[in-house]
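Visitor: Just passing along the structure, written as structure tokens.
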Amino acid sequence: MEIRGSLPPDPAALAGARPYEGVWRFTAPAVEASVPQARHAVRDLLARQGVPAHDELVQGLLLIVSELVTNAVRHAALLSPQVAVEVAIGAEWIRVAVEDNHPYRPKALEADYAQTGGRGLLLVREITEEAGGVCDVEQTANGGKIVWAALPLAPLPGITSPRRAP
């Protein structure tokens with residue numbers, strides 16, 4: 344993944360925060376069953392907090408969560424029996440991050456339609472870019488990594504989804 348911008352500010356640092364703003368973090372075992380559980384937890388959090396996100400954004404965000412947790416489960420479970428999911432919501436953006444303790448820094452593969460897998464990070468990057476967001480991979484102090492994506496809550500001026508283009 345590539346840096347396409349900078350990380351949104353910490354919601355806790357914002358003065359006059361809206362009711363839906365904040366940071367939530369949960370951990371889950373690095374097993375396949377955690378993928379739908381993480382997706383449902385994020386969906387329920389967005390609904391419970393009343394986040395003003397349109398359906399297409401929510402669906403893209405949930406797909407990103409699924410892909411990032413799946414990657415952590417499939418590729419990091421040996422060194423990271425738990426994964427952490429963090430959701431940070433600001434006034435104009437939402438950021439999801441998945442952290443594990445494996446040192447490998449993943450890279451988005453190019454589209455090879457003969458493969459049945461291995462394109463999850465490519466999908467994350469494409470969803471993020473289409474929404475006008477940013478994504479990246481960062482190393483943690485303990486040698487693991489955090490893979491994150493931040494999306495604007497409202498479409499940026501001048502950005503048109505290819506599916507909506509005339």
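Going by the numbering used here, the first residue of the sequence shown is number 344, and it counts up by one from there.
The beta-carbon is built from N, C-alpha and C at its ideal position, and this holds for glycine as well.
#1: Using a 10 Å radius around the Cβ and a threshold of 16 neighbouring Cβ atoms, would you call alanine 374 buried or exposed?
#2: How would you call arginine 368, buried or exposed, if buried means at least 16 neighbouring beta carbons within 10 angstroms?
#3: On the DSSP letters alone, give me the boundaries of the beta strand (DSSP E) that valine 439 sits inside.
#4: Who are the near neighbours of proline 424 in its chain, counting only those whose CB is closer than 7 Å to its CB and skipping five residues on each side?
#5: Measure the alpha-carbon distance for isoleucine 489 versus alanine 415 and round it to whole angstroms.
#6: Mind checking which residues open and close the alpha helix (DSSP H) that includes leucine 411?
#7: For the alpha helix (DSSP H) holding alanine 381, just list the boundary residues, first then last.
#8: Out of Asp387, Leu466, Val401, Pro495, point me to the one whose CA is closest to threonine 413's CA.
#9: Which one or two residues does DSSP pair with glycine 475 in a beta bridge?
#10: For isoleucine 489, list the residues DSSP reports as bridge partners.
#11: May I have the straight-line CA-CA distance separating glycine 403 from alanine 431, to the nearest angstrom?
#12: Which of helix, strand or coil does DSSP assign to arginine 448?
#13: Kindly list the residues whose CB is nearer than 7 Å to the CB of arginine 361, restricted to its own chain and excluding five residues on each side of it in sequence; keep chain order.
#14: Could you check whether the stretch 467 to 483 touches the stretch 379 to 387, counting it as contact only if at least three pairs of C-beta atoms, one from each stretch, sit closer than 8 Å?
#15: According to DSSP, is valine 366 part of a helix, a strand, or is it coil?
#16: Let me know if glycine 476 comes out buried or exposed under the rule of 16 or more other beta-carbons within 10 Å of its beta-carbon.
Guide: The relevant details are as follows:
#1: The amino acid at residue 374 is misidentified as alanine; the sequence shows valine. Exposed is the label assigned to valine 374, since fewer than 16 other Cβ atoms lie within 10 Å of its Cβ.
#2: So arginine 368 counts as exposed.
#3: 436 to 443
#4: Here proline 424 has Pro372, Ala373 as same chain residues with Cβ atoms under 7 Å from its own Cβ, once five neighbours each way along the sequence are excluded.
#5: 10 Å
#6: Counting along the chain, the unbroken alpha helix (DSSP H) around leucine 411 starts and ends at 398 to 419.
#7: 377 to 392
#8: Leu466
#9: BP columns for glycine 475 are empty, so no partner.
#10: In the DSSP output, where bridge partners are listed per residue, isoleucine 489 has Glu442, Glu481.
#11: 16 Å
#12: coil
#13: Closer than 7 Å at Cβ, skipping near neighbours: Ala434.
#14: no
#15: strand
#16: buried
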